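Here is the structure we will look at.
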Amino acid sequence: MNNDDEPIRFDTKLAVLLRDDLASWQRLNVTAFLVSGIAATTPELVGEAYEDADGTQYLPMFRQPVLVFEGSKEFMSVAHGRALGRQIPVSVFTADLFATGNDRDNRAAVKAVARDQLDLVGLALHGPKNAVDKVLKGAQMHP
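Dropping the structure here:
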């Protein structure tokens, strides 16, 4: 029996890790870009469309919370390595992407740099709770 009053629990975690030295506008921009990769590749995370009491339709959103963390430049590399080592799909945003203006140039900027040399300013990942927690161990919740 489905009880609408019971709390909803999730087996997975959806998280964004931002470098702690970004300007406010950069944090917002990076977060938006990063979660779009998760939405595009994990459609089951997206819920149903919204509708207000007047019948106006709105776009659907993620079915679960997006947790946002921050860490140092060095921690970004550590978390990146942990995510890849655990085979958790991850979207990346590098400092170079602030100078590009389209998807083609964004992909070219990432492709031009070796994995261990990426100047990471943001990561987004979705996976089992315990695995995501291990990747983000040491990060702080975004203020």
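According to my numbering, the sequence shown holds residues 500 to 642 in order. Idealized CB from N, CA, C, for every residue including glycine. Note that the structure is predicted; figures quoted are calculated from it, not measured.
- Assignment of beta-bridge partners to leucine 516 by DSSP yields Phe568 and Leu622.
- The beta carbon of tyrosine 549 sits closer than 6 Å to the beta carbons of Tyr557 from its chain, once the five residues preceding and following it are set aside; these are given in chain order.
- As DSSP reads the structure, phenylalanine 561 sits in a beta bridge with Val545.
- Residue state for threonine 530 is assigned as helix, using DSSP reduced to three classes.
- By the criterion of at least three beta-carbon pairs nearer than 8 Å, the stretch 573 to 584 is not in contact with the stretch 525 to 534.
- DSSP places glutamine 586 outside both helix and strand once states are collapsed to three, so it counts as coil.
- The way I'd put it, the stretch 596 to 616 doesn't touch the stretch 551 to 567; fewer than three beta-carbon pairs between them come closer than 8 Å.
- By the criterion of a C-beta distance shorter than 8 Å, phenylalanine 568 is surrounded in its chain by Ala514, Val515, Leu516, Leu517, Leu635, Ala638, Gln639, Met640 and His641, once the five residues flanking it on both sides are discounted.
- Secondary structure note for asparagine 605: its alpha helix (DSSP H) is the uninterrupted segment 602 to 610.
- Between the stretch 614 to 632 and the stretch 584 to 592 there are three or more inter-stretch CB-CB distances shorter than 8 Å, so the stretches are counted as touching.
- Secondary structure of glutamate 505 (DSSP, three-state): coil.
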